[in-house]
Every structure is written in C-alpha cells, then in structure tokens.
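Colleague: Residue numbers (the working numbering): 16 to 174. Positions of the beta carbon are idealized from the N, C-alpha and C atoms, including for glycine.
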Amino acid sequence: MALELFAATSTASEGVYEATRQAINRRFPDEAAVPSHATTQGLVERISGVIPIKHDMCHNSCVAYTGPYAILETCPECGASRYDPIRLAASHGRVKVPQQTFSTMPVGPQLQALYRHPDAARAMAYRSEKTKELLKKVCLASRALGMTDNCSGRREWCH
16 MALELFAATS TASEGVYEAT RQAINRRFPD EAAVPSHATT QGLVERISGV
66 IPIKHDMCHN SCVAYTGPYA ILETCPECGA SRYDPIRLAA SHGRVKVPQQ
116 TFSTMPVGPQ LQALYRHPDA ARAMAYRSEK TKELLKKVCL ASRALGMTDN
166 CSGRREWCH
C-alpha cells in the first residue's frame, strides 16, 4: 500500500503523503502500519536505483539556488531568506536549513530502470524499429525508381 500511496501522491507535497498515511494508520490500527514518506522513498530508491537530487529554492518560488544563484543566501527577486530565519538565528548562523526545496529526477537512472523490464525495453525500441522499417521501404522504392537520396548520388542511409 505504501508504494501505491507514494505513486499516487508523487506530484503532491510530502505533507499530503504524511497526512494520508496517518489517517490510514488511525483508521486501521490493527493492520501493518504504512511507513513514513522517508522510509517509502528509500524503498523506491533501492528498488529503482533512481535517487532524486534536492535543490534549495526561494520559498516564494522565484528562483532555484543552482548555477549562478548557488552561493546566494537571499532571493535576488524578492529578498526572502534562503534559510529558515528562526533556525538560523537560534544557531547563530551555523545551522542553515532551506525554507523550501525541490527535487529533480536524473533521466539516466530512470532510463536504466526502464530497460530492466522486458516490456518497457521493447516499448523503448519501438521508434528505432519503425524507423528501420520505413528506411528500408524508402530505399527499396528509390532503387526501384532509379533514384538517389542526395546530390552526390550516394545512398548513405540505405543499407
């Protein structure tokens, strides 16, 4: 159930997952408890090999603190503090907890995970296979008509 809940709330905040998880655990106290978001995310990462990359962002969604903004401690657009001002003040500037973060999912590990399943691997080869079929038809048709594909007279893509 945890994986289904995690997938269903993937575009929502962690708070939505946690509130739903707590409601399920209250309603069904005798059943196996639904694990926390962090525990379930760890399970998904171990199963898929896809680990999100977290980035700090302005809590008003003005900028992401990446690239040229990575060294900034205040938003260049609205002036908001990058870090939680209460925690920053309580620690005399030593503990820097971002007010808001977002995650990116690197595409390489996602594609690798897709290739692990035979159906997904076949689906990803669909375009390549169709392109080969079409090129074969074009080559056969051009040969039948005595045509070439470019001004040099070579059929570079006809094999």
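Suppose you measure from the CA of Val110 to the CA of Phe117; what does that come to, to the nearest Å?
Modeller: Each residue's alpha carbon lies about 19 Å from the other.
Colleague: Would you kindly report the start and end of the unbroken beta strand (DSSP E) that includes His70?
Modeller: Where His70 is concerned, the enclosing beta strand (DSSP E) stretches over 68-72.
Colleague: Flag this pair as touching only if the stretch 84-91 and the stretch 54-61 have three or more C-beta atom pairs under 8 Å; answer yes or no.
Modeller: Result no; under three Cβ-Cβ pairs closer than 8 Å.
Colleague: Run the CB neighbour count on Met72, radius 10 Å, all protein chains shown included, and call it buried at 16 or more, exposed below.
Modeller: Result: buried.
Colleague: Return the residue from the list Gln127, Tyr32, Leu150 that minimises the CA-CA distance to Met139.
Modeller: It is Gln127 whose Cα lies nearest to the Cα of Met139.
Colleague: At 3 residues or longer, and completely inside the stretch 20-87: list those beta strand (DSSP E) runs for me, N to C.
Modeller: Segments of the beta strand (DSSP E) lying fully in the stretch 20-87: 68-72.
Colleague: Residues bridged to Thr89 by DSSP?
Modeller: Looking at the DSSP assignment, Thr89 forms a beta bridge with Ser96.
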